[in-house]
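Visitor:
Numbering (the numbering used here), first residue to last: 39 to 129.
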């Protein structure tokens, strides 16, 4: 089974918030997925109180048995995370 991780990342690369789980709050492990199926997955992250600035939301998959991240492709980000969006928190 694979896990999903979501990171909120500052411009300097620091992770300021994160959440890790099995998809769909542990109700839809990846071993039960069908080809082409869409699985909705909610992740709630709490930012630090002083978190004004611009941030990226990055997501990836991890093999829970080996703790190794899977490679990401097809979009902007680094080798094992895909960028979902960027946002700005006003002071």
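Ideal placement from N, C-alpha and C gives every residue a C-beta, glycine not left out.
1) Counting pairs of Cβ atoms below 8 angstroms between the region 120-127 and the region 53-73, do you hit three or more?
2) Rounded C-beta distance between residue 126 and residue 92? I'm assuming under 8 angstroms.
3) Grouping DSSP H, G and I as helix and E and B as strand, with all else coil, what is residue 123?
4) List, from N- to C-terminal side, the beta strand (DSSP E) runs of 3 residues or more that fit wholly inside the region 43-98.
5) Quick one: using the 10 Å Cβ neighbour count with 16 as the cut-off for buried, is residue 83 buried or exposed?
6) State the Cα-Cα distance for the pair residue 117 and residue 110, rounded to the nearest angstrom.
7) DSSP three-state label for residue 128, please.
8) Identify which residue in 41, 43, 44, 129 has its Cα closest to the Cα of residue 87.
9) Per the DSSP calculation, residue 107 is bridged to which residue(s)?
Guide: In short, the structure shows the following:
1) By the Cβ test, the region 120-127 is not in contact with the region 53-73, since fewer than three Cβ pairs between them sit closer than 8 angstroms.
2) Sequence index remark: in the chain shown, residue 126 carries index 88 (1-based). Sequence index remark: in the chain shown, residue 92 carries index 54 (1-based). Yes, residue 126 and residue 92 are in contact; Cβ-Cβ is about 5 angstroms, under 8 angstroms.
3) One-based indexing of the chain shown puts residue 123 at position 85. DSSP places residue 123 in strand when its eight states are reduced to three.
4) Taken in chain order, the complete beta strand (DSSP E) segments of 3 or more residues contained in the region 43-98 are 53-59.
5) Looking up residue 83 in the chain shown gives position 45. By the 10 Å Cβ count, residue 83 comes out exposed.
6) Position 79 of the chain shown, counting from 1, holds the residue named residue 117. Position 72 of the chain shown, counting from 1, holds the residue named residue 110. For residue 117 and residue 110, the gap between their C-alpha atoms comes out near 6 angstroms.
7) As a position in the chain shown, residue 128 is number 90, starting the count at 1. Coil.
8) Numbered from its first residue, the chain shown carries residue 87 at position 49. It is 129.
9) Translated into positions along the chain shown, residue 107 becomes position 69. Per DSSP, the beta bridge partners of residue 107 are 100.
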